[in-house]
Structures are given as structure tokens and as C-alpha cells.
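Beneath this line is the structure, given in C-alpha cells, with notes to follow.
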Amino acid sequence: MELETDRLILLPLDVNLLSLWTSDISALELAIDCRYDAEPMEGDFLEIVKGQLSITRGDPDHYLYHSFWLLIRKSDRTVVGSADFKGKPDEQGQVEIGYGLGPKYEHKGYMTEAVDALCRWVLRQEGVNAVIAETYSDGYASQRILTRCGFIRDREAESIWWKRVASGDEKDVPVCGERP
């Protein structure tokens with residue numbers, strides 16, 4: 001399965017592809033016919049992805065909620081970023097989204113395009129009523145993305161929590177280019 005926007009292909013990584021991403025980016029590039037130029041796979045980010053790999057291995061049937069989705073620019077098949085849902089819907093029907101871009105692809109609208117498409121897709125799934133996201137208080141770029149994608153501030157503590165609720169329209173309007 002993959003989603004398509006005007007400029008991007010959003011490819012969810014199954015267990016095998018997610019494993020390649022953490023261990024052999026060259027092999028991942030060959031497997032999905034792309035060039036990886038997004039966030040470096042190192043440090044905290046690599047540890048987060050490895051954690052999601054472990055969760056995905058334990059629940060492969062729900063990998064779309066545990067794994068990462070690569071953002072592949074259509075024009076040249078370059079991976080510019082990634083996004084993920086941080087688990088299956090909770091008891092309130094909420095899923096949390098996270099995302100990041102390679103630095104040279106920031107401020108070009110890619111993430112707004114991707115987050116909107118992912119939200120439209122997930123809000124059409126059974127048992128999902130809302131998408132939530134967390135930003136730092138000074139994470140203005142991320143806050144702009146969420147605002148453009150229909151999120152509203154939900155609560156504030158050390159960070160700011162945002163929410164986009166299902167409007168009903170998501171159920172009737174397919175995501176552009178959704179393919180099995």
C-alpha cells in the first residue's frame with residue numbers, strides 16, 4: 001500500500017524494509033528504487049526507529065500504525081523525510097503522528113502535504129476519530145504545519161498538544177492516489 005500526493009509518494013515500511021532502513025540504507029535504496037537524503041540514521045533518531053522496528057516485528061499485521069512512512073519525492077525518487085503513527089488507536093480513537101525532514105527539504109511544503117494526506121487516510125480507518133501531535137513550545141515550523149493541516153491546540157504543558165478530529169469528509173473523500 002502507498003499514498004500519493006501531488007509531489008510525494010508516501011510508502012509505509014513493512015518489517016523487512018524498516019529493518020533495512022536501520023541497518024543498510026544502500027540496500028533499502030535498491031529495494032525501493034530511491035535515493036535516501038532525509039534525516040541521518042544516527043543517534044536518538046536511529047534508536048527511535050529501532051524501537052518502532054521492535055514493536056512492528058511484534059505486531060506485523062498493524063505495521064501501518066507502528067512503522068514509518070517514507071516521503072519519496074516523485075520527480076527524482078528522493079526520500080526527503082519520514083512520518084509515523086506512534087501506535088494503534090487508543091481507547092478514545094486517537095492516533096499520534098510524528099514526522100521529520102532532511103534539513104535541505106524544509107520550508108518547501110513537503111511535510112504539510114504529507115501530514116495532510118496521512119491524516120486524511122488514517123481518519124478513514126475503523127476506530128480512528130482523531131490525530132494528535134506534540135510540539136515543543138518553540139517549534140514554530142511544526143506548529144505551522146499542524147495548523148495548515150487542520151489541527152487545533154488541545155492542551156499545553158511542557159509542550160503543546162494538537163488535535164485534528166474527523167470531520168466526516170475524510171470518510172467520503174479518498175486520499176489522492178491511494179493504492180493497495
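The letter at position 22 of the sequence shown is residue 22 when you use our numbering, and the numbering goes up by one with no holes. Think of the CB as a built atom: it goes at the ideal place given N, C-alpha and C, for glycine as much as any other residue.
State yes or no: is the C-beta of residue i within less than 8 Å of the C-beta of residue j?
i: Thr56; j: Val15; result: yes
i: Ser75; j: Ala38; result: no
i: Leu118; j: Trp69; result: yes
i: Leu101; j: Val79; result: no
i: Leu146; j: Trp161; result: no
i: Arg77; j: Arg35; result: yes
i: Gly181; j: Ala130; result: This structure cannot settle anything about residue 181, because the visible part of the chain is limited to 1 through 180.
i: Glu126; j: Thr5; result: no
i: Tyr140; j: Ser159; result: no
Secondary structure at residue i, three-state DSSP: helix, strand or coil?
i: Arg77; result: coil
i: Thr5; result: coil
i: Glu29; result: helix
i: Asp154; result: strand
i: Arg124; result: coil
i: Ser159; result: strand
i: Leu11; result: strand
i: Ala117; result: helix
i: Ser19; result: helix
i: Ala133; result: strand
For residue i, does the count of other Cβ atoms within 10 angstroms reach 16, so buried, or fall short, so exposed?
i: Tyr105; result: buried
i: Leu30; result: exposed
i: Ile152; result: exposed
i: His107; result: exposed
i: Gln52; result: buried
i: Asp138; result: exposed
i: Glu157; result: Note that residue 157 is Ala in the sequence shown here, rather than Glu. So Ala157 counts as exposed.
i: Tyr65; result: buried
i: Ala133; result: buried
i: Met1; result: exposed
i: Arg73; result: buried
i: Ser142; result: buried
i: Arg155; result: exposed
Give the C-beta separation of residue i and residue j to the nearest angstrom, bearing in mind that I take them to be a contact with Cβ-Cβ under 8 Å.
i: Leu13; j: Leu71; result: Wrong, their Cβ atoms sit about 12 Å apart, outside the cutoff.
i: Asp90; j: Ser67; result: Not confirmed; about 18 Å, so no contact.
i: Ile32; j: Leu11; result: 7 Å
i: Lys88; j: His62; result: 6 Å
Can you find a CB in chain D that lies within less than 8 Å of the CB of residue i?
i: Lys104; result: Absent here is chain D; the protein component of the structure consists of one chain.
Runs of 4 residues minimum, wholly inside the region 39-113: which ones carry the alpha helix (DSSP H) assignment? Taking 4 residues as the minimum length, the alpha helix (DSSP H) runs contained wholly in the region 39-113 are 43-58 and 63-66, in order along the chain.
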